Structure formats: C-alpha cells, structure tokens
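Here the structure comes first, spelled out in structure tokens, and everything after it is commentary.
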Amino acid sequence: MSGGVDSSLTAALLVEQGHDVTGVYMKNWTKDLPGMKCPWADDLADAKRVAVQLGIDFKVFDFENEYKHKVVDYMIDEYKAGRTPNPDIMCNQEVKFKLFLEAALEDGADMIATGHYARVKDGVLKMAVDTNKDQTYFLYRVTGAALAKTMFPLGEYTKPQVRKMAEERGLFTAAKKDSQGICFVGKVGIRDFLNQYVEQVPGRIIDKQSGNVLGHHDGAIFYTLGQRHGLDVGGGLPYYVVGKNMDKNEVYVTTDLNDKTLWQTNVQLDAVHWINDAPVVGKYHIRVRHRAPLIAADLAYDNDRVILTLHDEQRAVTSGQSMVIYDDMVCIGGGIVI
RNA sequence: UGGGGCGUCGCCAAGUGGUAAGGCAUCGGCUUUUGGUGCCGACAUUCGGGGGUUCGAAUCCCUCCGCCCCAG
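Residue numbers for the first sequence follow this note's numbering, so the first one is 1 and each next one is one higher.
Pasting the structure below:
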C-alpha cells in the first residue's frame, strides 16, 4: 500500500472478497530533494490509516538500499552513458515483483496484489479494462512466474470507478491526488534529481543544420531526444534536441520538425524480456512510451536482439527507453531501444 | 566623421503621429506512476540616451552613443 487511492481500494476489495489481507508499505526512498520534500512519511501514514480503517494487519518492508542500487544507480549510470532510462520499469522488475514478492512469500503470503491497472490470468499479463489508464507498459519486465503469484484487482475497473468506489467505502485516501514523477521519489524533475548525483559540466548547444553554436548547457546528460525545453535558446522557432555526444558534451538541436532522427520506423531492441514464451516472427503491436497509442509492427530477430519495423513512424524513439510488445490485449514483453 | 542602413522584452520581430502584435525562450499550471511531448496561463507604462515639435510620438526634428555595409 503506497498511501494512494489505488492501493487503498485494492486492499479494500480483497478484504471484501474474503481474503486474509496484510497491508504492506514499501519503504524505498526517504531522501528529500532540493525544493521537494520526499512524501514517504505522509504516504506511510496514509497507508497505515487505511489499513486501520479496513482492520487489516500492516507492515513496512524496507528496500531502501536495494532501491538505491537497483533503480537509482541504474538510472544514473544510464544517463551517464547518454541514454534515457525508465526507472519505474526497473522498479517493478527488481523491487516490487522480485524483492517484495519474495519477502511477502517468505512472510507467509500466498499471493501479492498491487493497485496497477492491468490484468493477469495464469501468469499472462493483459491490458486493463481502462485502456486509458493501462499500466502494462511499466510491467513488461516482470516474469510470468511472478505474475502467477500476483493479483491486480483494479484491472477490471476504470479510474473514475475506482475513485467512486473508494469514496463509497469512505476510504481516507479517496480524494488523494494521483502520484506522479519517479515512483517513490516524488514529483521531482529528472534534472533536479540528477543534479544531486552528477557534476554540471558546461557544453555547447549546436544547430545541426548550420553547425552554429547557439548557446551553452550545463551537461549533455540532462537532455534527451525530442526535448524542447531547458535549452534557453530563443529566437524564431522552437528548437528540439536531435542528438548529443557525451564525449564532447555537445547537444545537437534543430527547428526542423521533420528531422529524420526524430521519426523512427526501424527499431532495434536490446535486453529483450519475454513474460512467458518468446513470440514467433510476425505482426504485433507496440508502444514506445506510457500512454502512447498501440502501433502495428513487424517483429524479427537478430541473435539476441529484436528488430521492429513500425507501420507508422514514431516520434523520439529514444535509446534507453522501453518498447513494449502486445499481442492483441496481451502484453508479451519488450526490450530496450538501442 | 564621404555615403547608406540600423538600434522595440533574454532572442527573433510587427508597428512610420493616436496611445507597444506575434513567435522563441523563461516562469507557473494541466496532462502523465520514466525521460520527453502536448495544452493553458503569465510575461515591455515602454520603444539606445538626452532635448524639441504636437492635444498626443516607438513613429517628426535636433543631438549624443553604439552597431553594420559601401566607398576611401
């Protein structure tokens, strides 16, 4: 239980279904950041409050060290390498559906449940009924074995329904605003977050078309493909990042919205993960980022890599980001963009 | 110091007598359990400085400062 509405209602529904429920708060991050207080203490209090409301046992699992190593360090290393990682996917893979699952089973649980908007049946991950809120994108790196021990009670409902049901039950967190930003860390800008761990090194912002130096930045690490803001380069049309060179610490930009590096149809995936069996070569659907529409794509293999040919070009397909693959409503896995 | 041009928000840029468009950037908010994108809102009492003409000037005149171009 994170202290939000979703996990609160999840617990409530399980209780109503007659399960023997124990609420668990995962303590993964407690550090305040400049201009932003880490919400962990309030979240924990809210979670506990709901557990008391429901009359269930409540525990705190502490994964702070592991979260730092498996999620935060991974994230920082990726950024240092010039890529753009997705920490929340790593959090699900390494913490929620591994460490937490193991700890829960060891603690005597038969199953774990979370407030994710997704459905699972016999270890198969399906999109949520509420396709607008579907969170399978963040779950593609979970194993089928883990999912076999997992319940997602909210997968059958829409977010508005969840809010309503939470309110009907008088849950303390019924009206609490949805959390955003990096899972557990809070609503911090990635830039402010990275600033805590990497040194700012001034570099040049270069116009890809003319080669002119348009300005300077405090580190190429802070920029990602397709990014518009934060360049502090004005005059005429908006500039978008179309590349960077980590060795030279240079960021390349353009005003050309049709720049070919901004629109991809051929994508290679590394670190491929399948929830169950690897799919056969053929046509599937993919999404390049959370909440992006599903796009038809042809899947092929190249040794350990997966080659995807998208039927529609996608904007800012970025190295380090995840491309998740679907077979109809089933999320079968995915990989990381090279 | 002959000729011509220019100087309007951090940047680009309208406006040539009637009381400062717009875009970019920036900031704030919304959307979003990553990054990013997108959307909405805010943002020059003031037009290089000083003087003058006028009911009224960024717009006309004088002057000073700065920059650019062509000549020498």
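Built from N, CA and C at the ideal position, the CB exists for glycine as well.
Here the structure is a predicted model, which is why all the values come from computation and not from measurement.
A direct Cα-Cα distance of roughly 11 Å separates S8 from V15. Nearest in C-alpha terms to L257, of all of D247, Y240 and V267, is Y240. Between G215 and D259, the alpha-carbon positions lie close to 20 Å from each other.
Residue pairing of A118 in beta bridges, as defined by DSSP: M127. Taking the C-beta atoms as reference points, T261 is found no nearer than 9 Å to Q209.
In the structure shown, W29 adopts coil according to DSSP, grouped into three states. If you draw a straight line from the Cα of L171 to the Cα of T10, it comes to about 11 Å. Straight across, the Cα-Cα distance linking L125 with V251 is about 39 Å.
In the three-state scheme derived from DSSP, where H, G and I count as helix and E and B as strand, M36 is classed as strand. Secondary structure remark: continuous alpha helix (DSSP H) runs of at least 4 residues inside the stretch 148-224, in chain order: 159-168 and 190-195. Judged by pairs of C-beta atoms under 8 Å, the stretch 157-170 does not touch the stretch 28-44, as fewer than three such pairs exist. Following the DSSP letters along the chain, one finds I275 in no alpha helix (DSSP H), marked with neither H nor E.
Here D302 is exposed. Its C-beta has fewer than 16 other C-beta atoms within 10 Å.
Around the Cβ of I338, a 10 Å sphere holds fewer than 16 other Cβ atoms; the residue is exposed. Pairwise C-beta distances place the stretch 323-337 in contact with the stretch 263-278, as three or more of them are shorter than 8 Å. D77 carries a helical assignment under DSSP once its states are collapsed to helix, strand and coil. A straight line joining the alpha-carbon of G3 with that of H229 spans about 32 Å. Bridge pairing for Q314: Q264 [DSSP]. Annotated as distal: M165 and A113, with beta-carbon spacing of 9 Å or more.
Taking C-beta atoms under 8 Å as the contact rule, M127 and M329 qualify, at a distance of about 5 Å. Within 10 angstroms of the beta-carbon of N92 lie 16 or more other beta-carbons, which makes it buried.
Contact check for F61 and K96: beta-carbon distance about 10 Å, past the 8 Å limit, so the pair fails to qualify. Listed in chain order, the non-local C-beta contacts of T224 below 7 Å within the same chain comprise T84, V241 and T318, local neighbours out to five positions each way being set aside.
Nearest to V142 by C-alpha distance, out of E94, A103, Q180 and G236, is E94. Scanning its chain for C-beta atoms nearer than 8 Å, with the 5 sequence neighbours on each side dropped, one finds around A109 the residues T22, in chain order.
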